[in-house]
Amino acid sequence: MATITTNGGSGLDINSIVSQLMQIEQQPIAKLNTKEASFQSQLSALGTIKSALSTFQTAVSSLLDLSKLNGVKASSSNSDAATVSASNTADLGNFSLDVLKLAQRQRLTSQAGQFTAADQVLIPAGSGVNQAKLTFTFGKIDASATDGFTPNASAPAKSVTISDGNSDGKITLAEVRDSINKQTDLGVTASIVKDADNSVRLVLTGTNTGENYAFKVGVTTNDANGDPVATDLSKLAFDPKDATTDAAGNLNTSGFTILKDSQAQNAKAKVNGIDVSSASNTLTEVVNGLTINLLKPTTDSNGVSTPIQLTSARDSSSIKTALTAFVKAYNDVQSSISQNASYNAETKTAGILQGDASVRGVQSQLRSMLGQAFGGGDAAIQTLSQLGVAFQQDGKLALDSAKLDKAVTNNLDSVMSFLGSYDKTKNPSKPPASSADSFGVKLNDMLDKMLTKGGTMDSRTDGINSSIKLLDKQRDAMTAKLTETEARLRKQYVALDQALTKMQQSSNSLMSMLSSLSSN
């Protein structure tokens with residue numbers, strides 16, 4: 001706005017007069033600013049409530065995640081020898097476990113002196129070799145089988161082409177190792193270890209444990225016509241039929257040895273005296289719902305086993321943790337709504353959202369949902385209160401731990417059915433049809449409608465933002481009008497000042513003339 005920094009010739013204080021008049025004219029804008037501040041406060045309050053609702057939905061999601069609600073606790077009397085975990089469907093009871101052998105993967109180690117250095121050349125430049133290839137055949141080493149080896153029908157043979165990493169025409173031991181390790185689906189890895197005699201050992205290790213994942217190694221070095229070419233790569237060939245067993249139980253060929261503790265074998269155990277064999281050290285199908293991890297044998301130096309005890313029993317701690325978080329999150333929602341949308345009789349102040357229909361609707365819907373029954377008429381658990389979660393006089397929730405323990409102990413399946421818990425690894429984005437009508441899924445769906453784009457909270461926020469935009473337009477229009485008003489006022493008072501100045505000048509001139517006549 002234009003300003004006049006000095007008074008007019010008449011002594012009229014134009015700036016002060018116009019400023020005071022404009023303060024009166026600007027009162028409607030001040031009212032708009034006050035109204036916008038109120039809207040901004042409402043947005044902030046809605047944001048607080050929305051944040052509390054989002055946290056509550058996270059707690060509800062935990063109730064739907066079966067992996068977080070284990071109602072069966074399993075324990076081992078010797079966790080150094082074996083550990084155990086349980087699913088909600090696990091058989092309950094005590095189980096005796098003897099760990100007799102651990103599953104092992106085969107490891108071939110080249111004989112001492114076989115290789116002198118990692119850069120030892122196995123195929124020299126100019127050898128005429130057009131293709132160098134190693135083939136790994138998987139199966140069981142069995143002296144009674146044909147050729148001492150029974151192929152594994154479920155693990156087909158895999159081949160790897162040995163490449164010249166330096167493009168110098170020769171292939172070294174290190175390049176063999178690198179070619180094997182680059183092919184990640186081969187089922188075998190390679191490493192080079194320097195021994196005490198400063199020679200090196202090539203170590204080939206199977207990826208899978210179990211007696212049916214032993215492997216033999218075939219070597220192919222052909223020229224461009226497909227005819228074989230003799231090279232030192234043949235030192236990597238291994239066939240169990242050529243192996244002999246020494247006094248220590250190690251298998252040896254001219255090129256490799258398999259130490260006794262590096263031979264492919266199944267895990268051997270006894271559960272309640274029943275023999276168990278597994279290609280893996282993780283037993284998942286021996287006792288329903290139990291996962292047993294074998295860590296070391298329970299046998300002494302004489303091969304006598306001291307069995308350990310595995311126990312599975314009902315346990316509500318995981319469910320209790322999830323429900324405790326659920327109760328707290330819900331109570332936080334109620335506190336947030338009370339602070340922002342209720343009347344405080346003690347302080348005689350109303351929340352900024354008091355009377356807001358959207359917030360009242362959210363509160364009413366949640367309370368109604370938490371009090372409803374779910375499941376068929378024969379379900380043992382149909383309401384939150386039967387789980388020990390109930391409303392208090394102040395409208396908040398509280399958890400009765402003893403009641404929850406009883407529900408989990410006597411009716412775990414019904415507890416899970418009521419909550420709608422499911423395996424999220426199998427259904428990461430959508431619950432199965434069997435959970436669709438459960439308390440947890442219904443409540444989560446309701447929260448989605450409140451929180452997602454276009455939902456209850458989002459729509460209310462959009463409405464307030466629209467009102468703020470309308471205020472901005474009104475303020476802009478008023479500001480433009482006030483600019484015109486101020487310019488008009490200044491023009492009028494400048495004209496008045498000029499008129500007063502002329503009148504003053506005329507008065508002074510007349511007084512001077514009268515004074516002159518009087519003197520004459």
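Numbering (my numbering), first residue to last: 1 to 520. Glycine is no exception: its CB is placed at the ideal position from the N, C-alpha and C atoms.
Using DSSP with H/G/I as helix, E/B as strand and the rest coil, what is residue i?
i    : result
F374 : coil
T6   : Note on T6: pLDDT 44, under 50, position unreliable in the model; no value is reported.
G288 : Before going on, a small fix: residue 288 reads as Asn here, not Gly. N288: coil per DSSP, three-state reduction.
Q183 : coil
V333 : helix
D13  : coil
K473 : helix
V229 : coil
T244 : strand
R105 : coil
S342 : coil
Q309 : strand
V129 : coil
T456 : helix
K296 : coil
I352 : coil
I162 : coil
G303 : coil
G97  : It is Leu, not Gly, that sits at residue 97 in the sequence shown. Three-state result, L97: strand.
S512 : helix
Cα separation between residue i and residue j?
i    : j    : result
I292 : G273 : 16 Å
K403 : V72  : 17 Å
F374 : S38  : 42 Å
A487 : L510 : 35 Å
L353 : F326 : 25 Å
F136 : N427 : 38 Å
K453 : R460 : 11 Å
S516 : I24  : 49 Å
D394 : V60  : 22 Å
T5   : T483 : Confidence in T5 is poor, its pLDDT being 41 and thus under 50, which makes the residue's placement unreliable; the coordinate value appears in the next sentence. Using only the alpha carbons, I get a separation of about 18 Å.
S87  : D448 : 29 Å
N70  : L259 : 42 Å
A117 : S199 : 6 Å
R314 : A407 : 10 Å
S234 : A190 : 16 Å
I123 : S159 : 18 Å
F439 : T321 : 18 Å
G128 : D223 : 6 Å
Y493 : V18  : 8 Å
F56  : F215 : 54 Å
Starting from residue i, trace the alpha helix (DSSP H) both ways and give me its first and last residue.
i   : result
S41 : Q27 to L64
Who are the near neighbours of residue i in its chain, counting only those whose CB is closer than 8 Å to its CB and skipping five residues on each side?
i    : result
S280 : A103, T209, G210 and A267
M457 : L46, I49, K50, L53, S358, V362, M450 and L451
D423 : L66 and S67
Between residue i and the rest of its own chain, which residues show a CB-CB distance below 7 Å, the 5 nearest in sequence each way excluded?
i    : result
I337 : I49, V359 and Q363
K502 : none
G165 : E175 and D178
Q120 : T172 and L173
V389 : L323, V327, L397 and L399
I468 : E36 and F39
N340 : A45, T48, I49, G351, I352 and L353
Give every residue of the same chain whose Cβ lies closer than 6 Å to the Cβ of residue i, excluding the five residues on either side of it in the sequence, and list them in chain order.
i    : result
V310 : The sequence given here has Leu at residue 310, not Val. So the list reads S76, V84, F95 and L97, once near-sequence residues are dropped.
L43  : I464
K296 : A81
R201 : T109, S110, V193 and D195
A2   : Interpretation of A2 is limited by its pLDDT of 44, a score under 50 that renders its predicted location unreliable; the figure taken from the coordinates is listed afterwards. Result list for A2: empty, nothing under 6 Å.
Q150 : Going by the sequence as given, residue 150 is Thr instead of Gln. Contacts found: G139, K140 and D142.
I180 : V160 and A190
N221 : It should be pointed out that residue 221 corresponds to Thr in this sequence rather than to Asn. Counting only Cβ-Cβ distances below 6 Å, and skipping sequence neighbours, we find V129, A132, V229, T231 and L233.
Got a sec, what are the start and stop residues for the beta strand (DSSP E) residue i sits in?
i    : result
R201 : V200 to G206
G218 : A214 to N222
I192 : V188 to K194
D275 : I274 to S278
T347 : Unbroken run through T347: none, as it is neither H nor E.
T150 : F149 to P151
K170 : Unbroken run through K170: none, as it is neither H nor E.
T257 : F256 to I258
A145 : Looking at the DSSP string, A145 is not in any beta strand (DSSP E), and its letter there is neither H nor E.
A267 : A267 to V271
Sequence ranges, beta strand (DSSP E) only - wholly within the segment 69-93, length at least 3
Fully contained in the segment 69-93 are the following beta strand (DSSP E) runs of length 3 or more, in chain order: 72-76 and 82-86.
Which runs of the beta strand (DSSP E), 3 residues or longer, sit entirely within the segment 376-439?
Within the segment 376-439, the complete beta strand (DSSP E) runs of at least 3 residues are 389-391 and 397-399.
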